[in-house]
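Only one structure is covered here, and it is reproduced in the block below.
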Amino acid sequence: MSSGPPLRILVVTRSYPAPGDLYQYPFVHRRVLAYLSYGHEVAVFRPANQPTPSKHRIDGVTCRSGSSEALAAFADGWRPDVVAAHGFSEAQWPALAPLAERYPIRAWLHGSEIPEFARRKAEWDLAGEERAAALEVIERRRRFWREFLLAPPARFGLVFVSHAAVDLFRHDLPDVPGAASVIPNPIDTDLFRYQPKPAAQRFGVLMLRPFDSRGYGNDLAVSAILQLSDEAGSDRLRFTVVGDGPLMDRTLAPLRHLGNVAVERGFVSQARIAALHREHGVFLVPTRIDTQGVSRDEAMSSGLVPVTNAIPAVREFVDGECGELAPPEDAGRLASGIRRMVEDPALFESHSAAAAARIRRQTAAALVVPQELALLRSAADA
């Protein structure tokens with residue numbers, strides 16, 4: 000951990016979980032809880048276009064919401080040592096600009112803040128006028144970044160969660176500033192504990208995903224499940240699909256006739272996710288676009304074997320020793336990855352142990368949180 004007295008960290012975030020809405024930037028909430036556990040003072044503020052400030056609590060953490068003026072007033076009253084901004088883009092900058100004159104800022108980019116990430120997502124999810132409108136917004140974002148990076152504030156730095164995210168950023172903005180850092184999202188290995196998986200769990204396949212974007216590749220998972228359902232012995236497999244979103248019913252419709260597919264609609268708590276991990280051995284997590292893959296890493300931490308697509312952000316965290324990698328868009332190879340686990344229990348057990356070990360040497364909170372705190376300490380001391 001970074002040495003020195005406790006820091007006062009102001010987390011400014013585009014979104015934040017609430018008791019009835021657990022999937023709004025949960026990775027930011029987990030950071031806040033971790034910073035608090037290390038003895039630091041943390042305040043959370045969500046800039047919002049609302050005339051009256053509001054607040055809500057979750058897990059003992061208060062998240063304030065309000066205008067740019069409310070944020071500036073709160074910051075000047077609380078006087079943080081450093082600001083950690085999550086979801087930074089042209090939309091957040093008007094709220095942060097007054098703070099940048101007085102406090103050091105480290106800004107995390109998680110996905111759609113990166114123009115090329117947002118562009119690819121729009122191409123998957125939208126068509127016609129909707130796509131054209133989205134691309135106009137993305138073009139404004141690209142122009143903002145070009146202008147912003149010409150003369151960023153003196154005590155401002157960017158943080159990416161993967162080298163793949165940096166590469167996506169460089170698609171439009173080749174000159175990433177020298178103050179940029181790469182630190183992956185931290186994974187709570189205490190919550191997502193590893194217990195050696197019995198070979199019988201290789202038949203239990205878990206899929207835990209939002210259904211609001213084709214970028215998640217959920218249709219590829221459905222195709223893989225259908226291919227496996229045509230094979231002899233497929234009744235040994237048990238699929239559990241948990242999630243929600245506007246695309247869920249349509250995406251899962253082809254699976255309705257399968258008796259070994261259980262669907263649970265809704266977004267579930269971290270404790271429930273950990274319980275699901277304990278009941279399954281394989282994590283089916285296709286993807287078309289990503290910057291890391293937190294849900295996959297959490298499953299790996301619990302010892303589930305990931306079956307996923309070998310896009311750049313995935314290859315940074317998964318290899319053939321700890322998971323099954325299919326080429327992009329290849330549902331057949333996703334099915335083959337599950338089949339390999341079923342047919343080779345020793346390979347399943349080896350992959351499972353390697354997946355848990357990979358997380359503990361690369362993205363475990365015990366490794367990552369001290370890196371983030373050291374970064375924030377350095378920014379505060381500069």
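So for the sequence shown, numbering that gives the first Met the number 0 puts the first residue at 0; every next one is plus one.
Cβ atoms here follow ideal geometry from the backbone N, Cα and C, with glycine treated the same way.
**Nearest-angstrom Cβ-Cβ length linking Ser161 and Gln291, presumed shorter than 8 angstroms** = 5 angstroms
**Asked** Can you give the Cα-Cα distance for Leu95 and Lys120, rounded to whole angstroms?
**Response** 26 angstroms
**Asked** In this structure, what does DSSP give as the bridge partners for Lys196?
**Response** Paired residue(s): none; Lys196 is not in a bridge.
**Asked** Sorted by chain position, which residues of the same chain lie with C-beta nearer than 8 angstroms to Pro50's C-beta, five sequence neighbours on each side aside?
**Response** Ser66
**Asked** In the DSSP assignment, what residue or residues form a beta bridge with Pro305?
**Response** Phe282
**Request:** In the DSSP assignment, find the alpha helix (DSSP H) that holds Glu146 and state where it starts and stops.
**Result:** Gly127 to Leu149
**Prompt:** If you compare alpha carbons, which of Arg314, Glu263 and Val281 is closest to Arg287?
**Reply:** Arg314
**Asked** If you check the beta carbons only, do Asn184 and Thr61 fall under 8 angstroms apart?
**Response** no
**Item:** DSSP bridge partner residues for Ala94 (one or two, in chain order)
**Value:** Bridge partners of Ala94: none, in fact.
**Item:** Straight-line Cα distance separating Asn48 from Arg30
**Value:** 25 angstroms
**Prompt:** What is the C-beta distance between Leu393 and Ile337, in whole angstroms, given that I count them as a contact (C-beta under 8 angstroms)?
**Reply:** Residue 393 is absent from the model: the chain starts at 0 and stops at 381.
**Prompt:** In angstroms, rounded to a whole number, what distance separates the CA positions of Pro245 and Val293?
**Reply:** 22 angstroms
**Message:** Residues in the same chain with beta-carbon distance under 6 angstroms from Gln200, minus the five sequence neighbours each way, listed in chain order, please.
**Reply:** Gly280
**Request:** Please go through the same chain and pick out, in chain order, the residues whose beta-carbon is closer than 8 angstroms to the beta-carbon of Leu275, but skip the five residues on each side of it.
**Result:** Leu205, Leu207, Thr239, Val241 and Val267
**Asked** Once you ignore the five residues that flank Tyr215 on each side, which residues in its own chain have a CB closer than 7 angstroms to its CB?
**Response** Arg208, Pro209 and Thr286
**Prompt:** Ordered along the chain, which non-local residues of its own chain (more than five positions away) have a Cβ less than 7 angstroms from that of Met0?
**Reply:** Unreliable placement is indicated for Met0, whose pLDDT of 48 sits below 50; no coordinate value is reported for it.
**Asked** So does the stretch 9-17 actually touch the stretch 77-84, counting three or more Cβ pairs closer than 8 angstroms?
**Response** yes
**Request:** Report yes if the CB atom of Ile104 is closer than 8 angstroms to the CB atom of Arg154, and no otherwise.
**Result:** yes
**Delimiting residues of the alpha helix (DSSP H) encompassing Arg101** = Looking at the DSSP string, Arg101 is not in any alpha helix (DSSP H), and its letter there is neither H nor E.
**Message:** According to DSSP, is Glu323 part of a helix, a strand, or is it coil?
**Reply:** strand
**Message:** Run through the DSSP bridge pairs and tell me what Ser155 is partnered with.
**Reply:** Looking at the sequence shown, residue 155 is not Ser but Phe. DSSP lists Ile104 as partners of Phe155.
**Request:** Measure from the alpha carbon of Ala261 to the alpha carbon of each residue in Gly203, Ala298, Ile310 and Arg271, then state which is nearest.
**Result:** Gly203
**Ranges of the beta strand (DSSP E) found wholly within the stretch 0-48, counting only runs of at least 3** = 7-12 and 40-46
**Request:** Can you grab the Cα-Cα spacing for the pair Arg140 / Phe87, in whole Å?
**Result:** 11 angstroms
**Item:** beta-carbon Tyr102 near the ligand GDP non-hydrogen atom, thresh 7 angstroms
**Value:** Annotation note on the ligand GDP: not contained in the displayed structure, which lists no ligands.
**Request:** Going by DSSP, name the residue or residues bridged to His55.
**Result:** Cys62
**Prompt:** Counting along the chain, where does the alpha helix (DSSP H) carrying Ala223 start and finish?
**Reply:** Asn217 to Ser228
**Request:** Answer yes or no: do Ala231 and Ala330 have a C-beta to C-beta separation smaller than 8 angstroms?
**Result:** no
**Request:** Excluding the 5 residues preceding and the 5 following Leu269 in the sequence, name in chain order all residues of the same chain whose CB lies nearer than 7 angstroms to its CB.
**Result:** In the sequence on display, residue 269 carries Gln and not Leu. Here the set comprises Leu190.
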